[in-house]
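Worksheet: the structure to be examined is printed underneath.
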Amino acid sequence: MEIIGDTALVTGGGRGIGRAICTELASQGLDVVVADIDADGMAETVAELEEYGVRALAVDADVSDETSVRDAVETAEEAFGAIDVLVNNAGIAGPTKDVEDVTAEEWDATLGVNLRGAFLMSRELVGGMKSRGYGRIVNISSASGKRPVPQRSPYTASKSGLLGLTRTLAVEGGPHDVNANAVCPGSVAGPRIDRVIEREADARGVSAETVADEKRAKSPRNEFVQPEDVARTVAYLCSTAADRVIGQSVNVSGGKVTY
Ligand code: NAD
Numbered sequence: 001m002e003i004i005g006d007t008a009l010v011t012g013g014g015r016g017i018g019r020a021i022c023t024e025l026a027s028q029g030l031d032v033v034v035a036d037i038d039a040d041g042m043a044e045t046v047a048e049l050e051e052y053g054v055r056a057l058a059v060d061a062d063v064s065d066e067t068s069v070r071d072a073v074e075t076a077e078e079a080f081g082a083i084d085v086l087v088n089n090a091g092i093a094g095p096t097k098d099v100e101d102v103t104a105e106e107w108d109a110t111l112g113v114n115l116r117g118a119f120l121m122s123r124e125l126v127g128g129m130k131s132r133g134y135g136r137i138v139n140i141s142s143a144s145g146k147r148p149v150p151q152r153s154p155y156t157a158s159k160s161g162l163l164g165l166t167r168t169l170a171v172e173g174g175p176h177d178v179n180a181n182a183v184c185p186g187s188v189a190g191p192r193i194d195r196v197i198e199r200e201a202d203a204r205g206v207s208a209e210t211v212a213d214e215k216r217a218k219s220p221r222n223e224f225v226q227p228e229d230v231a232r233t234v235a236y237l238c239s240t241a242a243d244r245v246i247g248q249s250v251n252v253s254g255g256k257v258t259y
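The numbering of the sequence shown is full-length UniProt numbering, which starts it at 1 and goes up by one.
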């Protein structure tokens with residue numbers, strides 16, 4: 001599985017799934033720009049990437065902010081030249097409450113990072129990819145973008161919206177060999193799922209263990225997905241093996257049922 005291209009930019013690469021994606025791409029020889037709001041997390045990721053002998057660069061970027069995205073891309077391109085692979089991974093969980101209790105600010109904040117962020121980054125980079133005749137974009141959506149999840153309306157809407165953006169990027173980019181796909185992880189082991197579980201347990205008045213057991217049981221393997229499972233799928237979608245996998249959303253959900 002060869003990845004054509006030399007450079008990748010991964011948003012939210014300062015920890016979790018994003019860090020695993022950065023590591024996977026670096027292990028395949030790509031130089032990686034890590035774009036995040038967490039300077040300490042990015043420094044840790046960059047230190048890991050340098051062990052693969054590739055160039056790694058941390059760039060401060062709030063993906064929800066137009067100016068910040070523009071500045072980050074300018075810095076990345078000045079350092080590494082053209083960006084061949086973009087992974088829109090940065091995301092926040094948003095509130096856990098019924099629709100009638102969600103504030104407009106909570107709605108905007110969640111869609112701002114998860115959907116507007118992917119739009120802003122893609123907009124900044126896709127023109128260059130098209131003019132060079134090559135590019136790969138992978139958007140990290142969620143199983144929650146394909147199935148109803150009570151009390152998570154901003155998150156589910158943002159992740160469903162990301163699938164629409166992915167399909168549009170794919171058909172617009174197709175003639176220029178600029179491909180876009182999405183990955184839909186189920187519950188992934190790590191600190192984030194622990195926080196989501198705690199909030200859901202509080203909202204429902206049950207123990208965190210109960211919620212964790214329920215989430216694990218949604219997979220026939222009765223386990224959480226690992227960040228590396230998602231990262232390997234991202235690498236596949238960027239490889240020549242997936243050249244005709246265009247505008248799709250690939251579930252990496254351990255068999256959790258989605259629509
Ligand atoms: P995480 O919270 O561990 O890491 C998210 C990263 O994004 C952090 O480094 C954070 O600093 C960064 N980030 C947050 N807001 C940002 C912003 N405005 N600009 C730039 N960076 C920002 O999350 P994770 O579990 O690694 O999830 C990564 C992606 O996978 C997210 O899009 C998430 O919705 C999606 N996802 C996660 C799970 C799961 O169970 N963890 C399941 C399905 C989908």
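In this text, a Cβ means the ideal position worked out from N, Cα and C, and glycines have one as well.
Cβ-Cβ separation, residue j to residue i (assumed contact under 8 Å), whole Å
i	j	result
L111	V69	L111 to V69, Cβ: 15 Å. No contact.
L125	L86	5 Å
V250	V183	5 Å
V245	L237	6 Å
Under the three-state DSSP convention, the category residue i falls into
i	result
A58	strand
L115	helix
G5	coil
P185	strand
residue 265	Look at the range of the chain in this structure, 1 to 259, and you will see that residue 265 is not part of it.
A180	strand
R216	helix
K159	helix
I193	helix
T67	helix
R146	The sequence shown places Lys at residue 146, not Arg. DSSP places K146 in coil when its eight states are reduced to three.
S131	helix
R15	coil
D36	strand
V245	coil
Cβ-heavy atom distance, residue i to the ligand NAD, below 7 Å
i	result
R15	yes
D71	no
N179	no
A242	no
I137	no
G12	yes
S160	no
V33	no
D62	yes
S142	yes
D36	yes
V113	yes
G255	no
V188	yes
A39	no
R199	no
I92	yes
G173	no
residue 260	An answer regarding residue 260 cannot be provided, because it is not within the stretch 1 to 259 covered by the chain.
I4	no
R123	no
P191	yes
N251	no
N89	yes
P95	no
Beta-carbon gap between residue i and residue j smaller than 8 Å
i	j	result
P185	V138	no
G190	G16	yes
G91	N181	no
A26	V34	no
V206	N89	no
A8	L30	yes
A93	Y155	yes
A20	E228	yes
S239	L169	no
I197	A212	yes
Buried versus exposed, by CB contacts within 10 Å (16 or more), residue i
i	result
E200	buried
P95	buried
D62	buried
M129	buried
E100	exposed
E24	buried
N114	buried
D40	exposed
T67	exposed
P175	exposed
M1	exposed
N179	buried
G81	exposed
R221	exposed
D36	buried
Test: residue i CB closer than 8 Å to a CB of chain C
i	result
R19	The chain labelled as chain C is not found in the depicted structure, where only one protein chain is given.
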